[in-house]
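S.K.: Residue numbers (my numbering): 773 to 945.
Using N, Cα and C, we set each Cβ at its ideal position, and we do this for glycine too.
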Amino acid sequence: MNHSTVNILTLCDEILVAIFNKLNNIDVLHSLIGVNRELDRLARDITFTQSLDLVAISSNKDNDSRNNSILDRFCFDILPRIQHNIDCLTLDLLLMDRILRIGHYSKLHKINLVIFQLEMASRILNVKNMFLFSPISLIDLPSTTCYSSNIVYLNVSLRNFDDCVCLLDERLS
């Protein structure tokens, strides 16, 4: 009987990416970053780093020490390397503060927040001023003050007609 061995590193990038696409992005990143230069490069590809769901790690209570080890590796080793590619994060409340303080996510425009406890969800969603900023008038601001660089969605409540006119005169372009 002939035995042939194939080294995974001899496969072309397209085949490796097709194989890795069958896996969870978190598993790809955790398993391949730091193994060697080639696998590290493939794992850091935008395919695997654009959208990350970190909830499965923190919500799995079966092996807390292993999960903590994986989270530590993500926080200290993996996320700093890929933060510039991330545009969507799925987090639970326990992870949110820790993950968002790690670095500057320049492309991040969507955070999915998973809340497992009903009383916690109620507390967050019932805080009236959680995401509100103090009102300002646009009439006195110079035209260079307001600009949108990375804003994907903006909800503006206007206090008076003059602010509406300021918005419509292209101060927020």
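Going by alpha carbons, who is nearest to residue 871 out of 805, 843, 878?
M.R.: The residue you call residue 871 lines up with position 99 of the sequence shown. With distances taken between Cα atoms, residue 871 lies closest to 843.
S.K.: Put residue 862 into one of helix, strand or coil per three-state DSSP.
M.R.: Within the sequence shown, residue 862 is the residue found at index 90, counting from 1. The answer is strand: DSSP assigns residue 862 an E or B state.
S.K.: Three or more C-beta pairs closer than 8 Å, one from the region 819–826 and one from the region 793–804: is that the case here?
M.R.: Using a C-beta cut-off of 8 Å, the region 819–826 makes contact with the region 793–804, since at least three inter-stretch Cβ pairs fall below that distance.
S.K.: Do you know how far the Cα of residue 792 is from the Cα of residue 829?
M.R.: The residue labelled residue 829 in the question sits at position 57 within the sequence shown. The residue labelled residue 792 in the question sits at position 20 within the sequence shown. The straight-line gap from Cα to Cα measures roughly 19 Å.
S.K.: Excluding the 5 residues flanking residue 767 on each side, which residues of the same chain have their C-beta closer than 6 Å to its C-beta?
M.R.: With the chain represented from 773 up to 945, any question about residue 767 goes unanswered, as that position is not in the structure.
S.K.: Is the Cβ-Cβ distance between residue 846 and residue 826 less than 8 Å?
M.R.: For the purposes of this step, residue 846 is taken as the residue at position 74 of the sequence shown. For the purposes of this step, residue 826 is taken as the residue at position 54 of the sequence shown. Their beta carbons are under 8 Å apart, which means residue 846 touches residue 826 by this criterion.
S.K.: If you draw a straight line from the C-alpha of residue 840 to the C-alpha of residue 779, how long is it?
M.R.: The sequence position of residue 840 within the sequence shown is 68, counting from 1. The sequence position of residue 779 within the sequence shown is 7, counting from 1. So the two alpha carbons sit approximately 31 Å from each other.
S.K.: Kindly indicate which residue of 875, 838, 859, 868 has the alpha-carbon position closest to the one of residue 850.
M.R.: The residue you call residue 850 lines up with position 78 of the sequence shown. It is 875 whose Cα lies nearest to the Cα of residue 850.
S.K.: Give the secondary structure of residue 793 by DSSP, where H, G and I count as helix, E and B as strand, and everything else as coil.
M.R.: Numbered from its first residue, the sequence shown carries residue 793 at position 21. Reduced to three states, the DSSP call for residue 793 is coil.
S.K.: Residue 857: which of 866, 885, 879 sits nearest, CA to CA?
M.R.: Here residue 857 corresponds to residue number 85 of the sequence shown, with the count starting at 1. With distances taken between Cα atoms, residue 857 lies closest to 879.
S.K.: Using the C-alpha atoms, what's the distance from residue 854 back to residue 790?
M.R.: The sequence position of residue 790 within the sequence shown is 18, counting from 1. The sequence position of residue 854 within the sequence shown is 82, counting from 1. If I take the Cα positions, the gap works out to 20 Å.
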